[in-house]
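Count along the sequence shown starting at 1, add 109, and that's the number in my numbering.
All remarks here apply to the structure that follows.
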Amino acid sequence: MSTPAAAPPLSALTDREWRLIAAAPHQLLVDGRWVDSENGATFDVLDPATGEVLCAVADATPADGRRALEAAVTAQSSFARTSPRERADILTRAFELLHERIDDLALLMTLEMGKPVAEAKAEIAYAAEFLRHFAGEALRIDGGYQTAPAGDARFLITRQPVGPCLLITPWNFPMAMGTRKLGPAIAAGCTSVIKPAPQTPLSMLALGAILAEAGLPDGVVNIVPCTGANEVIEPLIRSGLARKLSFTGSTKVGKILLEQCADKVLRTSMELGGNAPFIVFEDADLEEAVAGAMTAKMRNMGEACTAANRIYVHESVIEEFGSRLAEKMAALRVGRGTDEGVTVGPLIDEAAQAKVTELVDDAVTRGATVLTGGTACDRVGYFYTPTVLTGVSPQARMATEEIFGPVAPLTPFSTEAEVVAAANDTPYGLVAYVYTNDLRRALRVGEAMESGMVGLNQGVVSNPAAPFGGVKESGLGREGGSIGIDEFLELKYIGIAMG
Ligand code: ADP
Numbered sequence: 110m111s112t113p114a115a116a117p118p119l120s121a122l123t124d125r126e127w128r129l130i131a132a133a134p135h136q137l138l139v140d141g142r143w144v145d146s147e148n149g150a151t152f153d154v155l156d157p158a159t160g161e162v163l164c165a166v167a168d169a170t171p172a173d174g175r176r177a178l179e180a181a182v183t184a185q186s187s188f189a190r191t192s193p194r195e196r197a198d199i200l201t202r203a204f205e206l207l208h209e210r211i212d213d214l215a216l217l218m219t220l221e222m223g224k225p226v227a228e229a230k231a232e233i234a235y236a237a238e239f240l241r242h243f244a245g246e247a248l249r250i251d252g253g254y255q256t257a258p259a260g261d262a263r264f265l266i267t268r269q270p271v272g273p274c275l276l277i278t279p280w281n282f283p284m285a286m287g288t289r290k291l292g293p294a295i296a297a298g299c300t301s302v303i304k305p306a307p308q309t310p311l312s313m314l315a316l317g318a319i320l321a322e323a324g325l326p327d328g329v330v331n332i333v334p335c336t337g338a339n340e341v342i343e344p345l346i347r348s349g350l351a352r353k354l355s356f357t358g359s360t361k362v363g364k365i366l367l368e369q370c371a372d373k374v375l376r377t378s379m380e381l382g383g384n385a386p387f388i389v390f391e392d393a394d395l396e397e398a399v400a401g402a403m404t405a406k407m408r409n410m411g412e413a414c415t416a417a418n419r420i421y422v423h424e425s426v427i428e429e430f431g432s433r434l435a436e437k438m439a440a441l442r443v444g445r446g447t448d449e450g451v452t453v454g455p456l457i458d459e460a461a462q463a464k465v466t467e468l469v470d471d472a473v474t475r476g477a478t479v480l481t482g483g484t485a486c487d488r489v490g491y492f493y494t495p496t497v498l499t500g501v502s503p504q505a506r507m508a509t510e511e512i513f514g515p516v517a518p519l520t521p522f523s524t525e526a527e528v529v530a531a532a533n534d535t536p537y538g539l540v541a542y543v544y545t546n547d548l549r550r551a552l553r554v555g556e557a558m559e560s561g562m563v564g565l566n567q568g569v570v571s572n573p574a575a576p577f578g579g580v581k582e583s584g585l586g587r588e589g590g591s592i593g594i595d596e597f598l599e600l601k602y603i604g605i606a607m608g
């Protein structure tokens, strides 16, 4: 790929941005080689802040997907035999390289995804942390030795890699969703084919280059960006060559993939949609609750499955809470994520902007009051104004659908029982946030939440050392924590006769 010296006229990109894009990998990574798709097809990656085409990326076909999986299958047995220390050292080196290159990687992510550079940097650091965490876990894969109850045998219990994995990631955290899967897969000794979202393939391809530089053997991680996700992935799932699928994305697609995985009984990990309640009791520290709501709502412009989607505030404090939150939201600076001081970037694409617009209009039609914002920004790119709505009806679409945008809907409540019932009245169960200074209430409500995670007086729960995941239709399995590696390991017991 040639490197132009300067951005073409009319481009919003600076020369540095242009050079960064031109130097980033744009091809498929198959068996340790960067290759074009077999039919030469490419797709465009856009800057969501301007709609400008950043570059063309190789568009994998089903045959490319098959080749990638075959490379993973071939590499599996020798990779499974590598020592835990070797795998840990590769992950540690990759962790270091992510930090050494954090400025360029963050800028690349901002260009393809839109989030402000400071948030992109925080994501690279978060992504790197999964590599460091699982470098440690690789060294702690344990087993056991037991005496059978009758005393006539021994049980030797060991853990082995599940085998070649298919990994599918979304666009909202283009790097961290990759390392959250690749970290434990590599630590466990599994090879993989990973498919990033077509909106944001560049961060994943850059990660692939870094893993190779860190010493990962050819074929262990293969990357196949593509626009025909179903055409490429379904035959791989049904081939019987892969043993596991780990998916992060919508519940709708997760259900389709679960059905496909039933065919060959693949192990599955599913991180799906959320509809997080954020509950503020009358005894909460209001300043902390407002700050927590800002984080839970505005991290990643609201484009997170953990985003506060329904904010329930006790009727005695909702007016005060609403005006403080609206003041903070109105003070945010919307713009291109690369610009100094910008705190809210564009939404990922036109469809996302249209959906947020529809949901806000629907809530207002059903009686909500706009405290601030309420409209898409009148500028090029897919921007939406940070918005606070109050008096949002439980019948509004945004009470049941993921907003995935910078919109905070407030609904009043009067009793604990009422708000717990409302919070749990959803098929989702990823995370719930609870603000209260009453210890008994905190524990009572925390236990009553039908969710895999609870943020107690804190607006963020994601941490590589903690088990991330949901219940109900929000998913299956956990990522991160000491349990995260188990998703990539099979338990085997060897019975030994002693008679
Ligand atoms: P979102 O609506 O946030 O884009 P999706 O669930 O549609 O969420 O996408 C998450 C990931 O799943 C992306 O990488 C996308 O390309 C991929 N994907 C979408 N549909 C399928 C499918 N039928 N099979 C495999 N992957 C899919």
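We put the beta carbon where it would ideally sit given N, CA and C, even for glycine.
Boundaries of the beta strand (DSSP E) around Asp153: 151-155. Per DSSP, the unbroken alpha helix (DSSP H) holding Met222 starts and ends at 211-222. The DSSP-derived three-state label of Arg445 is coil. Counting only runs of 4 or more residues that sit fully inside the stretch 414-470, the alpha helix (DSSP H) segments are 427-439, in chain order. Set against 6 Å, the gap from the CB of Ala167 to the closest heavy atom of the ligand ADP is not smaller. Here the stretch 437-449 does not lie against the stretch 416-424, with fewer than 3 beta-carbon pairs under 8 Å apart. Looking from the CA of Thr357, the closest CA among Arg442, Leu367, Gly608, Arg550 belongs to Leu367.
Apart from the 5 residues on each side of it in sequence, Thr499 sits with its Cβ closer than 6 Å to the Cβ of Gly431, Thr478, Leu480, Leu519 in its chain, given in chain order. Here the alpha carbons of Arg289 and Ile277 stand approximately 11 Å from one another.
When secondary structure is reduced to three states using DSSP, Val516 falls in the strand class. Every residue with a CB closer than 5 Å to a heavy atom of the ligand ADP is listed here in chain order: Ile277, Pro279, Ala306, Ala338, Asn339, Ile342, Gly358, Ser359, Val362. Nearest to Thr360 by C-alpha distance, out of Gln136, Glu582, Gly604, is Glu582. Under a 10 Å Cβ-count criterion, Ser425 is classified as exposed, with fewer than 16 other Cβ atoms of the shown protein chains found around its own Cβ. In this structure, Ala262 is the residue among Ala262, Pro386, Glu436 with its C-alpha nearest to the C-alpha of Tyr602. At a cut-off of 3 residues, the continuous stretches assigned as beta strand (DSSP E) that sit fully inside the stretch 503-572 are 516-522, 540-544, 562-565.
Rounded to the nearest whole angstrom, the C-alpha separation of Lys464 and Leu248 is 45 Å.
In the DSSP assignment, Met379 falls within the unbroken beta strand (DSSP E) covering 376-380. As the crow flies, the alpha-carbon of Pro258 is around 10 Å from that of Phe264. Within the stretch 130-201, the complete beta strand (DSSP E) runs of at least 3 residues fall at 137-139, 142-144, 151-155, 162-167. Taking 8 Å as the upper bound for CB-CB distance, Pro334 and Pro307 are in contact here, some 6 Å apart. Taking a cut-off of 8 Å for Cβ pairs, the stretch 189-202 and the stretch 295-303 touch, as three or more such pairs fall below it. DSSP lists Glu599 as the bridge partner or partners of Gln269. Assigned with DSSP and collapsed to three states, Gly253 falls in strand.
For Asn331, the three-state secondary structure derived from DSSP is strand. Excluding residues up to 5 positions away in sequence, Phe152, Asp168, Pro307 lie with their Cβ nearer than 6 Å to the Cβ of Thr336 in the same chain. Its Cα nearest to that of Ala231, the residue Leu214 stands out among Glu179, Ala485, Leu214, Tyr542. Non-local beta-carbon contacts of Tyr254 in its own chain, meaning distances under 8 Å to residues more than five positions away in sequence, involve Arg263, Phe264, Leu265, Ile266 in chain order. Ser355: member of the beta strand (DSSP E) spanning 353-357, first to last residue.
Counting only the Cα atoms, Val144 lies some 16 Å from Leu316. With distances taken between CA atoms, Val162 lies nearest to Gly490 out of Ala505, Gly490, Asn572.
Residues of the same chain with a CB within less than 6 Å of the CB of Phe204, apart from the 5 flanking positions on each side, are Ala237, Leu240, Arg241 in chain order. If you draw a straight line from the Cα of Glu221 to the Cα of Asp156, it comes to about 5 Å. Contact check for Ala551 against Leu565 passes: the beta carbons are separated by less than 7 Å. Here Ser301 is bridged, per DSSP, to Cys274, Val330.
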